[in-house]
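Take the working numbering: the final residue in the sequence shown is number 368, and no numbers are missing along the way.
Below: the structure, in structure tokens.
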Amino acid sequence: MGYLPGTLWLLAGVVLAGAVQDFMVLFISSRRNGASLGEMIKQEMGPVPGSIALFGCFLIMIIILAVLALIVVKALAESPWGVFTVCSTVPIALFMGIYMRFLRPGRVGEVSVIGIVLLVASIWFGGVIAHDPYWGPALTFKDTTITFTLIGYAFISALLPVWLILAPRDYLATFLKIGVIVGLALGIVILNPDLKMPAVTQYIDGTGPLWKGALFPFLFITIACGAVSGFHALIASGTTPKLLANETDARFIGYGAMLMESFVAVMALVAASIIEPGLYFAMNTPPAGLGIVMPNLHEMGGENAAMIAAQLKEVTVHAAATVSSWGFVISPEQILQTAKDIGEPSVLNRAGGAPDAGRRYRPRIP
């Protein structure tokens with residue numbers, strides 16, 4: 003569709019709807035002793051509407067968690083670098099939890115420094131692991147393996163005490179998220195890149211290769227968290243009010259945090275718009291849309307490495323020809339070089355912000 007519709011929706015949606023909703027729900031829930039959205043509906047409208055609302059919230063949680071899990075699976079599948087780094091956060095979080103609980107209680111600063119250093123080391127060492135002839139293929143997994151691993155991790159972590167893994171891992175992830183946000187912002191300001199994606203493409207009518215749907219309503223369905231999201235209403239009620247030190251913090255946390263999330267969404271949109279459109283479509287279009295069948299990349303380091311590499315080059319040539327036929331010219335060499343720049347065997351069918359951002363910033367910012 004181009005970057006213009008999404009940009010307008012992000013800016014207008016967050017100011018007029020998203021931030022207002024999060025702030026109001028957080029404030030109202032605070033006045034109701036931290037009641038959840040379903041409980042507040044039950045109090046105002048009775049047990050039947052309240053039960054229906056709670057069941058609806060449950061269905062929303064299932065759908066949203068499935069979508070979020072799909073994003074993680076797409077990012078980690080066939081990516082030994084990502085698998086190593088994400089898996090490393092588990093023992094780091096366990097160490098931080100034990101450190102805070104038994105070794106040095108109350109020493110938040112100490113454990114924060116240790117955790118950040120270990121996290122940065124795992125990110126750097128992940129690149130080394132990814133290019134190792136043994137460990138690279140050993141940590142390259144298919145999407146189904148990643149999916150069941152995530153399910154197993156979620157089940158086990160839910161059984162363990164919060165202080166042992168969930169709290170320290172979420173705390174550690176906060177620094178990674180802030181670092182990525184700051185890095186993206188600095189990259190955009192310093193590089194001042196040109197937008198390569200047109201403001202509006204020929205696919206504005208919903209006939210594009212990525213999404214078969216008209217501008218309305220699919221723009222407002224696919225772009226949610228950066229503009230307005232019902233999921234935020236669930237989190238802003240019940241859980242977040244119990245963490246407020248003062249009711250006056252509700253505006254800063256409810257309205258302000260949503261503005262920050264929209265800021266992140268705009269940066270992600272910029273990161274996707276400054277790469278060549280042909281490369282964008284090659285990265286995000288499913289294999290069926292490109293007319294290709296991806297080779298088994300987890301065998302890249304085995305006996306069939308040469309054959310897999312030849313197959314990958316062949317499908318890259320075909321994918322480049324398909325995307326170029328849509329009017330977005332891209333060469334196979336550009337696609338292969340992009341994969342090399344971000345340390346992945348291929349960027350075909352690798353939808354997500356990480357490859358987009360990595361394509362533009364990694365070769366230029368140490």
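Glycine included, each C-beta is placed from N, C-alpha and C at the ideal position.
Spatial neighbours of residue 6 in its chain, beta-carbon cut-off 7 Å, leaving aside the 5 residues before and after = 201 and 202
inquiry  = Which of the three DSSP states is assigned to residue 375 in this structure?
reply    = There is simply no residue 375 to check, as the chain begins at 3 and stops at 368 in what is shown.
query = Is residue 250 helix, strand or coil by DSSP?
reply = coil
query = With contact counted as at least three CB pairs below 8 Å, one residue from each stretch, are the segment 45-52 and the segment 218-227 in contact?
reply = no
key: Residues sharing a beta bridge with residue 209, DSSP   = 214
request  = Just the C-alpha distance for residue 172 and residue 91, rounded to the nearest angstrom, thanks.
outcome  = 10 Å
ask   = In its own chain, which residues sit with a C-beta less than 7 Å from the C-beta of residue 355, not counting the 5 before and 5 after it?
value = Confidence at residue 355 is low in this model, with a pLDDT of 43, below 50, so the placement of that residue should be treated as unreliable; the coordinate-derived value is given next. Closer than 7 Å at the Cβ level, and outside the excluded window around residue 355, lie 270 and 273.
message = Check this for me: beta carbons of residue 255 and residue 241, under 9 Å apart or not?
response = no
key: alpha helix (DSSP H) runs contained entirely in the segment 154-232, provided each spans 4 or more residues   = 168-193 and 217-224
ask   = Apart from the five residues just before and just after residue 24, which ones in its own chain have a Cβ nearer than 6 Å to its Cβ?
value = 234, 238, 256 and 260
task = Would you kindly report the start and end of the unbroken alpha helix (DSSP H) that includes residue 1?
result = Nothing about residue 1 can be read from this structure; the chain reaches only from 3 to 368.
task = State buried or exposed for residue 12, treating a residue as buried only when at least 16 other CB atoms are found within 10 Å of its CB.
result = buried
ask   = alpha helix (DSSP H) containing residue 275: first to last residue?
value = 259-275
task = For my contact list, residue 174 and residue 95 are in at a C-beta cut-off of 8 Å; report their separation, rounded to the angstrom.
result = 6 Å
query = Taking all protein chains shown into account, do 16 or more other C-beta atoms lie within 10 angstroms of the C-beta of residue 180, making it buried, or fewer, making it exposed?
reply = exposed
message = Which same chain residues end up closer than 6 Å to residue 365 when comparing Cβ atoms and leaving out the 5 residues on each side of it in sequence?
response = With a pLDDT of only 40 at residue 365, under 50, the local geometry of the prediction cannot be trusted, and the value read off the model is given with reservation. 343, listed in sequence order.
query = Are there 16 or more other CB atoms within 10 angstroms of the CB of residue 164, so buried, or fewer, so exposed?
reply = exposed
ask   = Distance, Cα to Cα, residue 138 vs residue 288?
value = 24 Å
Between the CA atoms of residue 205 and residue 109 - distance to the nearest angstrom = 55 Å
key: Per-residue burial, residue 16 [other beta carbons within 10 Å of its own, 16 or more giving buried]   = buried
key: Spatially closest choice to residue 21 from 236, 258 and 116, by CA coordinates   = 258
First through last residue of the alpha helix (DSSP H) which encompasses residue 286 = 279-286
message = Once the 5 residues before and after residue 133 are set aside, which same chain residues still bring their CB inside 8 Å of it?
response = 345
request  = Flag this pair as yes or no: are the beta carbons of residue 151 and residue 299 separated by less than 9 Å?
outcome  = no
request  = Out of 209, 188, 337 and 124, state which residue places its alpha-carbon closest to the alpha-carbon of residue 328.
outcome  = 209
key: First and last residue of the uninterrupted alpha helix (DSSP H) at residue 41   = 39-47
query = Span of the alpha helix (DSSP H) holding residue 128?
reply = 110-132
request  = Indicate the three-state DSSP secondary structure (helix, strand or coil) for residue 136 in the structure shown.
outcome  = coil
key: residue 267 versus 8, 3 and 4, residue with shortest Cα-Cα distance   = 8
inquiry  = Once the 5 residues before and after residue 66 are set aside, which same chain residues still bring their CB inside 6 Å of it?
reply    = 233
query = Between the Cα of residue 317 and the Cα atoms of 296, 48, 183 and 340, which residue gives the shortest distance?
reply = 296
message = Tell me which residue opens and which closes the alpha helix (DSSP H) that residue 87 is part of.
response = 82-100
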